[in-house]
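Numbering (our numbering), first residue to last: 2 to 540. By construction, the Cβ of each residue, glycine as well, lies at the ideal position given by its N, Cα and C atoms. Okay, structure first, notes after.
Below, the structure written as structure tokens:
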């Protein structure tokens with residue numbers, strides 16, 4: 002997905018949620034849009050104006066009620082673009098300076114006629130600690146959203162609200178659910194595999210479950226589908242090259258070569274015939290054959306001859322399978338797999354989905370849809386069991402959350418992308434942070450940026466690769482739960498040469514062993530560091 006398209010999707014999503022008032026969606030009420038903040042009156046500038054301190058910042062505003070110097074108040078503060086100073090209105094005054102955060106929270110909730118629920122006190126307390134202003138209707142909506150979360154998610158929920166406020170995102174349930182979901186430490190591939198297994202093992206099936214299953218299956222089989230595409234291509238090339246030699250007539254073809262031509266042609270013809278019979282595509286049929294052969298081989302058995310194929314055709318099939326198998330140590334193979342996953346997840350469908358929402362339309366069924374579109378449909382389906390619908394909802398919000406983590410500013414930009422991988426090469430999940438300064442054409446400057454990869458690996462488990470680039474000089478830090486220093490040293494010269502070909506020089510590679518730290522809080526810390534800091538690179 003290009004940066005421009007991400008911007009379009011991000012802006013459209015924000016527009017959708019901003020147009021939908023959160024309180025109308027939740028409780029059917031409306032409130033004003035003034036920002037609430039706890040401040041202390043420092044001095045009076047005149048009879049009508051005062052200077053107040055909020056956190057470490059001093060504000061000046063026009064008084065709409067008499068105040069006492071040195072006293073604390075919960076203010077609402079509103080400043081219009083054409084006004085030199087804002088207007089201060091007292092929501093609640095303190096007889097004595099608040100001794101605790103809880104005292105200040107109680108005072109505000111009383112002033113707004115809100116109940117002192119645990120969620121309300123917890124959230125207001127978090128806002129005070131962060132010195133974060135909030136609009137009244139946003140506060141009401143956030144409290145209502147928090148009250149519907151499991152009690153164990155209170156801190157995560159408050160963090161999601163804080164993130165939305167700092168990034169100036171709408172305080173809307175859809176936005177907050179997405180921020181909460183994208184920070185889920187459970188690998189995305191596990192969520193997808195779990196949902197697929199729940200559908201497969203269900204005692205009763207339905208049209209909705211089958212549709213969701215068919216959207217999940219290609220994602221689970223992405224690497225095998227790339228393999229199948231290459232196998233079909235290789236078979237066709239094999240036939241063409243052998244036939245070309247036959248037409249040139251340089252020398253008589255050996256019986257073995259003639260046999261291979263026949264076997265390759267027959268393989269293609271049989272796969273095409275199966276696809277026509279099943280109403281599918283030849284690649285899907287090839288995917289099934291590959292999985293069958295790999296499955297029998299993984300059990301220590303001699304690969305069985307697939308139904309309808311001769312031993313000669315099966316032998317040729319196995320030979321070409323070895324030649325065309327993707328390896329995620331190869332750049333071209335990695336790009337092929339990631340591009341296919343991108344399409345299957347529905348990155349290309351984002352704008353069409355949002356434009357349909359804007360126009361109040363429903364997208365017409367156009368055969369097999371992307372996972373994102375199907376998940377959105379299934380969230381509202383009536384024929385899905387509650388556990389399946391809950392998982393579908395979580396995956397949908399998690400994919401949406403990636404868009405809210407984008408941060409595009411005039412001078413710099415940030416991208417966040419997560420790919421579920423079901424790889425035979427041991428890679429289970431790939432998450433990428435990209436943050437950097439912009440060039441004049443609006444693209445991220447590759448000579449001045451930061452790349453961070455979070456990988457779920459079969460052997461090394463959770464692995465973070467942090468690449469900091471300053472003026473085409475790259476510094477790499479690799480963090481795992483293992484001591485990799487001895488293993489990395491022999492690989493550095495080759496990495497240095499490969500980077501040199503791309504126009505970069507390598508300043509060093511550091512291996513850090515992550516000790517006594519669970520991955521979830523470690524990722525949360527990294528998440529906040531990457532997504533909230535304004536500038537990572539300074540020259």
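By a C-beta neighbour count over all protein chains shown, 10 Å radius and 16 as the cutoff for buried, is residue 47 buried or exposed?
exposed
With three or more C-beta pairs closer than 8 Å as the rule, is the segment 440 to 447 touching the segment 474 to 494?
no
Pairing CB atoms from the segment 149 to 162 with CB atoms from the segment 369 to 378, are three or more of them under 8 Å?
no
Give the straight-line distance between the Cα atoms of residue 70 and residue 58, rounded to the nearest whole angstrom.
17 Å
Secondary structure at residue 228, three-state DSSP: helix, strand or coil?
helix
Which one or two residues does DSSP pair with residue 73 in a beta bridge?
41
How many whole angstroms separate the CB atoms of residue 219 and residue 230, which I take to be in contact at a CB cut-off of 8 Å?
With 8 Å as the limit, residue 219 and residue 230 do not qualify as a contact, their Cβ atoms being about 12 Å apart.
Which ranges does the alpha helix (DSSP H) cover as unbroken runs of at least 4 residues, wholly within the segment 254 to 295, from first to last along the chain?
256 to 279
Return helix, strand or coil for residue 444, following the three-state DSSP convention.
coil
For residue 509, which residues in the same chain have their Cβ closer than 8 Å to its Cβ, ignoring the five residues on either side in sequence?
476 and 477
Endpoints, the beta strand (DSSP E) within which residue 386 is located:
Counting along the chain, residue 386 falls outside any beta strand (DSSP E), and DSSP gives it neither H nor E.
Do you know whose CA, among 217, 192, 400 and 106, lies nearest residue 417's CA?
400
Using a Cβ-Cβ cut-off of 6 Å (strictly less than) and excluding sequence neighbours within five positions of residue 134, which residues of its own chain qualify?
36 and 38
Decide yes or no for the touch test of the segment 66 to 80 against the segment 88 to 95: beta carbon pairs closer than 8 Å, at least 3 of them.
yes
Taking Cβ to Cβ, would you say residue 214 is nearer than 8 Å to residue 200?
yes
Suppose you measure from the CA of residue 30 to the CA of residue 142; what does that come to, to the nearest Å?
Because residue 30 sits at a pLDDT of 35, beneath the cut-off of 50, its placement in the model cannot be relied upon, and the following sentence gives the value as read from the coordinates. Their backbone Cα atoms lie some 10 Å apart in a straight line.
Are the beta-carbon atoms of residue 468 and residue 452 separated by less than 8 Å?
yes
Measuring CA to CA, which of 198, 223 and 222 is closest to residue 211?
198
For residue 1, which residues in the same chain have their Cβ closer than 6 Å to its Cβ, ignoring the five residues on either side in sequence?
This structure leaves residue 1 out entirely; the chain is present only between 2 and 540.
Using a Cβ-Cβ cutoff of less than 6 Å, which residues in the same chain neighbour residue 162 once the five nearest sequence positions on both sides are dropped?
143
Residue 398 classed as buried or exposed, judged by whether at least 16 other C-beta atoms fall within 10 angstroms:
buried
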